[in-house]
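To start, the structure under review is shown below, and the notes come after it.
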Amino acid sequence: MSLFAFIELPPPLDTWVSDPHELFPMRVQVAAELEQGDAPEPERILFELERYLVENPARLARYAEAGGQLAFRTAFELFSNGLSEESLQFYALSLRLRPGDVATRLNYAIALHGLEYRSEALAEYNRVMGMTTPDTHFRVWVLAAQIHYLRGEYSDVVRLLRPLAETLFPQDAEYWDLLGEAITKGWKAPEAVQIAEAPGAIVGDFVFYELNAHLRDQFGLPPEPIPLRRESRERIFPEHGPVALLEMLREVEIFMQLNPDFLAVYAPLVCALAYLAGMAVAAEGDHAQALQIYAIGLAVEPDNIPLRSHSALSLHCLGQRSEARNELERVVAMTPKGTILPLAWMMLARICADEGNRARAIELLEQLESVAPGEKGVQKLLSSMQRRGQ
């Protein structure tokens with residue numbers, strides 16, 4: 001067993017831990033050498049701490065917090081100075097000492113991601129997602145989706161990101177780009193469908209295609225088979241390339257026009273396809289076309305909250321603020337009591353504030369603050385509104 005001395009951290013390392021008087025173990029001969037030279041580097045202190053804990057495993061809990069803090073800050077400084085590879089061992093040490101620390105695990109994942117250790121980074125992102133929520137660490141979901149996208153796992157991108165469109169309605173261009181691209185590229189014709197048995201008594205020369213169950217579940221589509229006219233099959237499901245979602249939506253729309261008795265059956269599919277196709281187009285910046293696509297779904301289900309929300313977002317992007325306000329007011333009225341879509345509330349509050357409707361803006365912001373206390377953007381706008389009324 002080695003003989004250890006215990007030293008205080010020299011400045012500025014003492015500011016890297018919550019208790020600046022914490023004593024760190026160091027082998028006596030190493031401490032003596034350092035007394036003759038410069039202040040010890042944090043890496044060397046941590047190497048000594050690791051050696052001490054190997055020889056004294058029962059003391060791990062004693063150094064979990066201080067050692068974890070020092071290792072995290074050391075890793076962060078190395079990474080910030082371009083020494084990304086060197087930072088990994090110290091992030092890993094910090095996590096051995098404090099496995100439940102979200103900030104350390106997230107920074108470790110980002111370092112792995114930056115070095116293109118994608119499988120390892122994705123594993124860490126998944127652990128972080130199990131420890132937190134999209135409300136507080138939204139970017140984790142986007143970063144994990146980036147890796148799935150780079151690996152061609154488009155359905156996993158949609159699995160991660162699509163639920164956030166309905167609950168958070170994020171105002172993040174990269175999020176919408178990723179989701180839109182994944183929706184477009186994720187529909188590969190050869191694996192997408194198989195011919196299903198056609199229902200009886202239909203008008204028109206339609207062939208019915210059963211979607212791959214995994215694909216259907218990942219994209220949140222209802223179970224009904226897709227009706228397509230025979231001549232449209234190759235155009236919508238090409239041998240190479242993604243499925244033409246918008247064309248598929250048009251085919252279902254034509255089918256319902258010719259077979260109105262199936263309207264109730266296929267309305268959910270129309271809404272789902274309008275939602276997916278509209279988001280894919282909006283992600284490319286064509287909000288005018290996105291509005292036309294959302295309108296197809298809203299024609300069969302006027303109170304569809306996701307379609308109304310995204311229509312409002314596209315209207316807002318096009319500068320049609322009064323129309324966006326009307327859509328957002330409808331979304332707020334339709335949203336179940338006790339549920340709030342943060343971006344919809346915030347966007348509507350800003351429009352109302354700009355139009356001089358201070359009371360409505362404050363009402364919305366107070367509702368939003370009740371579910372997102374401490375959110376700086378909400379507090380800043382609310383304080384501004386309240387000062388104007390004084």
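Numbering (the working numbering), first residue to last: 1 to 390. Note that beta-carbon positions come from the ideal geometry of N, C-alpha and C, so glycine has one too.
Going by C-alpha distance, which of the options is nearest residue i?
i	options	result
G130	R162, P336 and P99	P99
G241	G152, V252, Y125 and L143	G152
A333	L364, V30, H113 and R62	L364
A64	S18, R44, M26 and P40	S18
L3	A165, M26 and Y175	M26
L341	E369, E124 and L178	E369
P306	R321, P11 and L328	L328
E124	M279, A111 and V28	A111
P57	Y91, R96, F79 and T74	R96
E174	I202, A144 and V203	A144
L164	R59, H148 and T136	T136
Q367	V252, P222, D354 and T335	T335
V265	A277, I226, A274 and A280	I226
Y117	L150, S94, T133 and A267	L150
Q146	T133, N126 and L348	N126
Y209	F237, L318 and D217	F237
T104	R73, P134, H113 and R216	R73
Looking only at DSSP bridge pairs, what is residue i linked to?
i	result
I226	Y209
M334	Answer is none; M334 lacks a bridge partner.
G26	At residue 26 the sequence reads Met, which differs from the Gly that was named. Per DSSP, A5.
Three-state secondary structure (DSSP) at residue i?
i	result
F237	coil
P190	Note that P190 scores a pLDDT of 46, beneath 50, so its modelled location is shaky; the value from the coordinates is reported in the next line. Note: P190 maps to helix in three-state DSSP.
E8	strand
P20	coil
P342	helix
R308	helix
P268	helix
E253	helix
D303	coil
S370	helix
N126	helix
V54	helix
P163	helix
D101	coil
D14	helix
Q320	coil
G396	No statement about residue 396 is possible, as the shown extent of the chain runs from 1 to 390 and does not include it.
E174	helix
Are residue i and residue j closer than 9 Å when you measure CB to CB?
i	j	result
A71	L46	yes
C271	V300	yes
A344	S314	no
G220	R308	no
G67	L53	yes
I351	R325	yes
L179	H148	no
V102	V128	yes
L228	F206	yes
A290	L245	no
L258	I293	no
L115	E85	yes
P260	P222	no
A109	V158	no
F24	E55	no
E253	I296	yes
Does the beta-carbon of residue i have 16 or more other beta-carbons within 10 angstroms, so that it is buried, or is it exposed?
i	result
F6	exposed
S87	buried
H21	exposed
D156	buried
R62	exposed
T15	exposed
A75	buried
Q439	In the structure displayed, the chain extends from 1 to 390; residue 439 sits before or after that span and is not available.
T184	buried
V203	exposed
T339	exposed
H214	exposed
N304	buried
E41	exposed
A288	exposed
P170	buried
P190	With a pLDDT of only 46 at P190, under the threshold of 50, the placement of this residue in the model should not be trusted; the figure read from the coordinates follows. Exposed.
L93	buried
E35	exposed
Q390	Because the pLDDT of Q390 is 47, which lies under 50, any placement of that residue in the model is unreliable, and the question is left without a value.
G278	buried
L298	buried
S80	exposed
Answer with yes or no whether the minimum CB distance from residue i to chain B is below 9 Å.
i	result
I202	Checking the listed chains, one finds no chain B in this structure; it contains a single protein chain.
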